[in-house]
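Trainee: So that we are looking at the same thing, I have put the structure below in structure tokens.
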Amino acid sequence: MLELEALTIRYPDFTGNYTLAVPKGALCAVIGPSGGGKTTMLHAIAGFEPVVSGKASFDGRDLAPLPPASRPCSLLFQDHNLFPHLTARQNVALGLKPGLSLSDKERGIVADALISVDLDGEANRLPGELSGGQRQRVALARALVMRRPLLLLDEPFGALDPGLRKAMITLTDSLRRQHGLTVLMTIHTPSDIAHAADLVAFVAEGQVQHSGPPHEMLKAGRSPALDAFMGV
Amino acid sequence: MAGGIARSRLPHPGLIAAAVLVVILAAALAGLASAGGQSRSLAGSPSGFLPSPYLRGVARGAAVQAGLSTVLSLLLGTALALALARRPVFPCRRLIMAVISAATVAPTIVIIFGVVAVFGRSGPVPVLASQFGLTLPPIYGLHGIVLAHVVMNAPLVARVLLGALSATPAEHGRLGQMLRFSSRDCFRHLDWPVIRREWPGLATFIFLLCFTSFAVVLSLGGGPANATLEVAIYQALRLEVDFERAASIALFQIVLGLGIILAFGLLGARLPDTSGHMAARPRPDAGSRWLLALDALVISFVVLLIAPVLLSVLTGLGQLPSLANRQVVDAAITSILLAGLASVIAVTLALLMASAAEAAPLGRPSASRARLIDLAVLAVLGLPPFALVTGLFVLLRGHASLASVGLLMVPLVNALMALPFVYRLIAPPLRQSAVRHGRLAASLGLDGLARLRIVTWPALKQPLAAALALSAALSMGDFGVIALFGGGDLITLPYLMAERMGAYRVDEAGAVALVLVAAAVGLMFIADRA
Amino acid sequence: MLIMRQFVVTVLAMAAVLAFGPVLPAAAQTKPVLTVYSYSGFTGKYGPGGKIKDGFEAVCNCTLDWVATENSGALLGRLRLEGEGTKADVALGLDVNILAEARATGMFAPHGQSLTGLDLPWTDMTFLPFDHGHMAFIYDSSKLANPPASLKELVENPNGPRIVLQDPRTSQPGLSLLLWMRHVHGDKADEAWAKLKPRIVTFTKGWSEAYGLFLKGEADMVLSYTTSPAYHVGAEKKTNFKAAAFAEGHYIYVETGAMLRSTKQPDLARQFLAFMLSDTFQSAIPEGNWMYPVKMPAAGLPASFADLIKPSRTLAFTPDEVLVMRRTLIESWQNAISR
């Protein structure tokens with residue numbers, strides 16, 4: 001269970017105050033207008049934002065004292081997830097050992113992860129030689145080998161074609177089930193995720209305005225802000 | 001659309017600028033050569049365009065010196081850049097950076113006397129060393145030259161690298177944090193790829209600067225064993241008044257310089273986009289204790305090495321009142337105007353040429369064209385300003401007097417001298433903006449000025465301001481060009497400084513040096529903020 | 001703002017000149033203008049240029065315009081570049097070591113002045129001397145009690161003073177020392193250089209860098225002129241700087257002026273050459289250019305010159321000898337020093 005209790009981030013021109021609960025193993029889609037604070041929320045959970053008050057916990061464990069490296073989560077950015085001078089295989093291997101000196105067993109884990117994202121054929125390519133979707137799959141494979149129970153995805157497939165986007169979400173969903181991950185994913189087009197998500201959170205003006213199951217959330221009439229966002 | 005096609009047939013204005021640059025250099029050489037070598041025929045010495053064994057020996061020695069200077073400047077500058085990247089906040093960081101950066105742009109003579117003041121016979125360093133029973137060798141010799149070159153160039157390396165490091169995606173720093181990067185991993189995955197990308201270009205640039213160094217080599221070299229071809233060119237022009245010989249040596253120097261660039265293929269890979277959004281860059285290794293110690297050591301070493309050299313001008317403080325007269329004020333105004341003009345010309349040229357290098361008529365910039373433009377910019381370093389000016393004047397004579405050409409020539413030649421520096425500041429961000437937004441701009445049909453305003457300008461605002469400040473500071477400290485035209489109404493501060501020195505007024509010259517260094521620090525302060 | 005306006009005017013003028021070239025008539029002047037090319041130390045704030053301009057303008061009913069170059073070599077180089085089209089009427093400051101090249105340009109006209117009553121032997125009918133001095137090593141007597149008494153002693157004493165010199169490839173004083181060494185040591189000059197080498201701090205680009213380094217304490221002695229101590233006495237009231245008198249004699253340094261063949265105002269130019277030997281001009285030299293006048297002013301030398309050393313012998317090569325020897329001298333000096 002991921003719990004945010006009035007988790008507060010403050011900047012001169014922005015204040016975020018998040019309260020949200022995501023059951024273990026669930027996929028939560030975070031929707032909302034640009035600049036509403038979705039990315040900030042994910043970054044705060046991952047430990048990249050200074051929290052001024054409130055609490056974030058996972059499985060009852062307070063995250064506040066933990067540096068990003070020790071948190072139970074891995075975060076995928078929209079872009080720049082890979083180091084351009086390392087091959088796909090090396091980029092995945094970073095998740096196990098940043099020094100890149102792997103044992104045979106660890107090499108096997110990396111190979112398996114690449115197979116699970118269907119990239120075993122591209123293991124020796126540099127990021128510059130991969131397509132946008134392939135790059136994000138490499139990043140996903142790295143998140144898998146890191147074996148952290150909470151996966152945070154910050155519009156990771158926003159730049160992809162609609163078909164590819166759907167396929168990536170399906171892949172993410174199946175990896176979630178396979179590995180028992182809790183997933184928090186910000187997304188721009190709610191329709192993409194309706195079929196996979198257990199929970200939808202609407203974030204605007206730095207707050208989780210509403211959250212609930214997709215069929216409730218994506219219905220019109222819940223609130224003017226959500227309606228405006230959904231375009232109904 | 002028809003208009004667009006018709007327009008694209010015209011060569012890019014930057015290509016024209018590059019062509020003009022090459023024509024100016026070639027014309028200057030041709031002008032020199034055509035002016036003839038009267039005194040040589042008089043003296044009956046052997047002639048010929050093939051470089052003599054003497055010149056080849058000079059070139060060899062200069063290459064060793066430049067190689068040493070380059071390696072040490074790169075190492076120290078890189079250490080400094082890494083330390084500064086890891087420590088974005090510490091007391092007086094900006095001021096310290098400005099003082100150190102001023103070493104790159106301050107008048108050479110100030111650096112020479114600064115080095116002597118600190119490391120010379122009665123300077124604090126040898127005196128301190130003797131307290132510990134050490135006897136340091138005199139500063140004059142190869143090591144003195146290299147020391148001065150490191151003082152001048154390490155800050156430049158640090159600036160360029162710091163800019164490149166802070167242009168890497170913030171995501172990479174966060175990934176490093178998330179992936180538990182050790183400080184070694186940080187260096188390997190975050191810093192080294194950037195360093196490896198920037199080093200070749202920086203090395204070429206600094207090598208050429210040191211290979212063509214002049215006053216530093218003469219004053220700190222200790223004797224003719226240390227020389228550069230620049231010295232031989234000066235000798236031919238000033239002592240022998242033999243222009244043809246000067247031209248042939250200058251040609252030899254340019255050919256060598258370009259050969260060095262080409263032979264080592266050191267133009268720096270023109271790599272794709274690496275920039276993320278500009279945010280504070282998280283450094284996963286900032287917490288490491290031993291790195292903190294190392295950074296403190298590096299920063300204090302550089303500060304202790306370079307700052308005293310510049311701060312030695314503070315001895316001119318007491319003489320400042322002697323500057324309160326009309327002539328000095330006029331010279332200051334002239335300096336400011338000429339430097340302003342030169343920096344505008346330099347930045348305009350650099351902007352045009354850099355955008356021509358990135359212009360992509362078919363959606364993909366032409367690498368060979370970009371390299372040719374890079375070469376043209378670096379070729380400027382091959383021709384010393386006095387040879388350039390003399391050659392150009394030969395062509396203009398009969399049309400205008402040297403005095404009236406001066407007002408145009410001083411800012412123009414200063415701008416050309418600053419061009420390689422400015423180009424280095426402007427070209428990389430322009431390249432990034434072209435790679436990131438080039439296709440978008442092309443798809444929106446953005447062209448010419450509209451593209452400049454919407455796509456290029458936002459990415460270039462800061463580098464442009466920095467380039468303006470840097471080139472203004474360089475021109476402000478110039479003596480090489482003003483020495484040829486100065487006098488009469490055209491008197492700048494460096495000219496005044498030289499004149500006062502020539503009239504035994506060392507103290508008054510020191511006060512002028514203080515003003516010049518203060519101006520350089522101020523301009524670099526602005527450049528750093530930008 | 002003056003300079004800005006001047007700049008705009010120049011740009012326009014340049015454009016006009018380039019467009020119309022020689023068709024454009026010279027701007028009308030109320031008074032004739034005499035253009036004199038010299039070097040910056042002479043025309044600068046502390047040089048004698050200001051007094052000389054005032055003095056000449058008081059008698060010539062003309063305007064004197066100084067044009068400054070970096071040094072003697074630059075002055076000749078510029079004249080050669082400008083050729084027949086030069087604006088210069090008179091060149092002031094060609095030193096004796098460059099006269100052969102200057103003569104070879106064929107750009108100078110005979111001065112037509114009487115050479116009687118000069119303080120130095122002079123016969124050249126084109127280049128007229130206006131000041132002179134001797135090369136000498138200057139030291140601070142409060143730090144160096146026993147300076148060498150001869151060039152030989154300077155060269156041969158391994159524990160002798162450390163000296164800072166000028167590079168003969170880039171400066172006239174540096175070249176003068178090369179000639180001085182040659183004069184004293186003849187064919188053994190290279191060996192002498194090799195012996196002297198360990199005590200040479202460095203060779204600078206020009207006189208002022210070397211003198212500056214000396215004043216900053218980098219060397220015990222500096223190559224300069226016998227007249228240098230007069231500056232410290234006259235301008236700074238310091239008496240501790242002295243020139244070392246050398247037994248072999250001192251190499252001479254003479255500065256000359258000459259009128260251009262191409263001048264449009266030969267009478268005015270000749271009037272200036274005559275003025276060069278006048279009391280007004282000559283009395284501006286000692287404490288302006290810190291050199292000896294070539295014709296003793298009526299008031300005699302200033303007090304600051306009273307204690308200067310008098311060379312026992314004057315050493316000199318002729319300009320033609322200098323021209324012939326220079327390249328080989330420089331090359332063998334390079335070899336001797338680099339070895």
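So the protein sequences, as listed, match chains A, B and C. Going by our numbering, the first residue of the first sequence is number 1, and it counts up by one from there. Going by our numbering, the first residue of the second sequence is number 1, and it counts up by one from there. Going by our numbering, the first residue of the third sequence is number 1, and it counts up by one from there. The C-beta atom is built at its ideal place from N, Cα and C for all residues, glycine as well.
For R10/A, name the three-state secondary structure that DSSP assigns.
Mentor: Looking at R10/A - three-state DSSP - the assignment turns out to be strand.
Trainee: For E230/B, which residues in chain A fall below 9 angstroms Cβ to Cβ?
Mentor: Under the 9 angstroms cutoff, chain A gives no residues; its nearest Cβ is about 39 angstroms from E230/B.
Trainee: Got a sec: is the Cβ-Cβ distance from W333/C to anything in chain B below 9 angstroms?
Mentor: Chain B, which has a Cβ nearer than 9 angstroms to the Cβ of W333/C, makes this yes.
Trainee: Skipping 5 residues on each side, what residues in its chain have a beta carbon closer than 7 angstroms to that of V150/B?
Mentor: S69, L72, S73 and L76, listed in sequence order.
Trainee: Which residues in the same chain as P429/B place their Cβ atom closer than 7 angstroms to its Cβ, once the five residues preceding and following it in sequence are excluded?
Mentor: Here the set comprises A459, L460 and P463.
Trainee: Give the C-beta separation of A235/C and P147/C to the nearest angstrom, bearing in mind that I take them to be a contact with Cβ-Cβ under 8 angstroms.
Mentor: 23 angstroms between Cβ atoms; not a contact.
Trainee: Rounding to the nearest angstrom, what Cα-Cα distance links W180/C and Q65/B in this structure?
Mentor: One C-alpha to the other measures close to 32 angstroms.
Trainee: In or out: V96/C buried (at least 16 other Cβ within 10 Å) or exposed?
Mentor: So V96/C ends up on the buried side.
Trainee: Closer than 8 angstroms, Cβ to any Cβ of chain B: which residues of the stretch 58-76 of chain C, in chain order?
Mentor: Listed by position along the chain: D65, W66, V67, A68, T69, E70, N71, G73, A74 and L76.
Trainee: Kindly indicate if chain A contains any beta-carbon less than 9 angstroms away from that of H172/B.
Mentor: For H172/B, the answer is yes, since a Cβ of chain A falls inside 9 angstroms of its Cβ.
Trainee: Going along the chain, which residues of the stretch 337-362 of chain B sit with their C-beta nearer than 7 angstroms to a C-beta in chain C?
Mentor: Taking 7 angstroms as the Cβ-Cβ cut-off against chain C, the residues of the stretch 337-362 of chain B that qualify are L337.
Trainee: What does DSSP give as the partner residues of R61/A in its beta bridges?
Mentor: According to DSSP, R61/A bridges with F58/A.
Trainee: Does DSSP classify R90/B as helix, strand or coil?
Mentor: The question names Arg, but residue 90/B in the sequence shown is Phe. Coil.
Trainee: Does the stretch 413-427 of chain B touch the stretch 499-509 of chain B, meaning 3 or more C-beta pairs lie closer than 8 angstroms?
Mentor: As far as the Cβ criterion goes, the stretch 499-509 of chain B does not touch the stretch 413-427 of chain B, which means the pair count is below three.
Trainee: I want to see whether chain B comes within less than 9 angstroms of P68/A, judged by CB atoms only; does it?
Mentor: Output row for P68/A: interface = yes.
Trainee: Going along the chain, which residues of its own chain have a beta-carbon closer than 6 angstroms to the beta-carbon of A210/C, five neighbours each way excluded?
Mentor: Cβ within range, chain order: V164, Q166, T204 and V222.
Trainee: Under the assumption that V410/B contacts V481/B (Cβ atoms under 8 angstroms), give the Cβ distance between them as a whole number of angstroms.
Mentor: V410/B to V481/B, Cβ: 5 angstroms. Contact.
Trainee: Report the three-state DSSP secondary structure of K197/C (helix, strand or coil).
Mentor: In this structure, K197/C counts as helix in the three-state DSSP scheme.
Trainee: For the alpha helix (DSSP H) holding C210/B, just list the boundary residues, first then last.
Mentor: Where C210/B is concerned, the enclosing alpha helix (DSSP H) stretches over W192 to F211.
Trainee: Report yes if the CB atom of I233/B is closer than 9 angstroms to the CB atom of A387/B, and no otherwise.
Mentor: Cβ atoms of I233/B and A387/B: closer than 9 angstroms.
Trainee: With distance defined between alpha-carbon atoms, name the residue in G36/A, L63/A and E5/A nearest to T15/A.
Mentor: Per the Cα distances, G36/A.
Trainee: From R199/C to P321/B, what distance separates their C-alpha atoms?
Mentor: Using only the alpha carbons, I get a separation of about 38 angstroms.
Trainee: Could you tell me which residues DSSP pairs with P129/C in its beta bridges?
Mentor: BP columns for P129/C point to T256/C.
Trainee: Against chain A, does F485/B count as a neighbour if the rule is that its beta carbon must be under 9 angstroms from one of theirs?
Mentor: Answer no: the Cβ-Cβ gap between F485/B and chain A never drops below 9 angstroms.
Trainee: Along the stretch 232-258 of chain B, what residues have a CB closer than 7 angstroms to any CB found in chain C?
Mentor: Answer set for the stretch 232-258 of chain B: Y234, Q235, L237, R238, L239 and V241.
Trainee: What ranges does the beta strand (DSSP E) occupy inside the stretch 44-128 of chain A, keeping only unbroken runs of at least 3 residues that lie completely in it?
Mentor: Taking only runs of at least 3 residues, the beta strand (DSSP E) segments lying wholly in the stretch 44-128 of chain A are 53-58 and 73-76.
Trainee: In chain order, what residues of the same chain have a beta carbon less than 7 angstroms from the beta carbon of F421/B, not counting five sequence neighbours either side?
Mentor: Only L470, S471 and L474 meet the Cβ criterion.
Trainee: Can you name the residues that DSSP bridges to D387/C?
Mentor: The question about residue 387/C has no answer, for chain C in this structure spans 1 to 339.
Trainee: Where in the stretch 452-516 of chain B do unbroken runs of the beta strand (DSSP E), each at least 3 residues long, occur, reported from the N-terminal end onward?
Mentor: Correct list: empty.
Trainee: Tell me, which residues are paired with D65/C by DSSP?
Mentor: Paired residues: T35/C.
Trainee: Please return the same chain residues whose Cβ sits closer than 7 angstroms to the Cβ of P33/A, not counting the five positions on each side in sequence.
Mentor: Excluding positions up to five away in sequence, the list reads A204 and F229.
Trainee: Strictly by DSSP, which residues pair up with V164/C?
Mentor: Paired residues: V222/C.
Trainee: Give me the residue from G488/B, G510/B, V512/B and V194/B with the minimum Cα distance to S40/C.
Mentor: S40/C has its Cα closest to that of G488/B, out of G488/B, G510/B, V512/B and V194/B.
Trainee: Which chain B residues sit within Cβ distance under 8 angstroms of G95/A?
Mentor: Chain B residues near G95/A: L179.
Trainee: Quick check: the Cα distance between E230/B and G128/A, rounded to an integer number of angstroms?
Mentor: Their Cα atoms are separated by approximately 44 angstroms.
Trainee: Using a C-beta cutoff of 9 angstroms, does I526/B count as contacting chain A?
Mentor: No, its Cβ sits nowhere closer than 9 angstroms to a Cβ of chain A.
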